[in-house]
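To start, the structure under review is shown below, and the notes come after it.
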Amino acid sequence: MIIIGDKLVPFEEFSNIKEIEDIKNTKANTTLLFDYKDSLLKYCYENQLSFAVIVSDIKEAIYSNSLSAKYIISKKKLAKKLQKIADNYMYDSKILAIIDSNEELENISKNEIDGVIYKDLLSNK
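Shown next, in the form of structure tokens:
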């Protein structure tokens with residue numbers, strides 16, 4: 029299980045972005061993090077950048093996987109649906125459910141979701 033944002037478990041560095049221009053101000057070798065946006069998705073794919081996308085529906089997740097997102101991030105209820113689709117189609121992208129605390133880890137693992145990301149990490153956007 030992937031755990032991102034926990035104080036106990038080391039995790040990679042993320043750079044929150046909103047526009048393509050924001051990428052210029054990010055550190056090298058960080059994973060870009062953004063809300064689903066066609067232009068950002070396409071730019072990251074074309075430039076072979078490592079990125080994580082916050083999605084709000086299945087269609088956005090399908091596009092994100094097709095354009096090589098490292099992580100597809102969503103609320104827990106949607107993550108459960110996305111994981112079934114990801115398993116069926118053997119997605120390369122990993123599905124991450126947004127959680128508030130480590131109290132949710134057991135339930136997420138029982139739903140066999142690839143991993144979690146803490147809401148606090150996303151609120152830095």
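Number 153 marks the last residue of the sequence shown (the working numbering); no jumps.
Glycine included, every Cβ here is placed at the ideal spot set by N, Cα and C.
(request) Quick one: residues in its chain with C-beta nearer than 8 Å to the C-beta of Val37, no 5 flanking neighbours on either side, listed in chain order? (result) Ile31
(request) May I have the straight-line CA-CA distance separating Gly143 from Asp50, to the nearest angstrom? (result) 27 Å
(message) Among Glu134, Ile113 and Tyr99, whose alpha-carbon lies nearest the alpha-carbon of Val81?
(response) Tyr99
(request) State the beta-bridge partners of Tyr99 as determined by DSSP. (result) Ala80 and Lys122
(message) Please determine whether the Cβ atom of Glu88 lies at a distance below 6 Å from any heavy atom of the ligand MN.
(response) The ligand MN is not among the ligands present in this structure, which contains no ligands whatsoever.
(message) Within a Cβ cutoff of 7 Å, which residues of the same chain sit near Thr58, ignoring the five residues on either side of it in sequence?
(response) Glu41, Phe42 and Ser43
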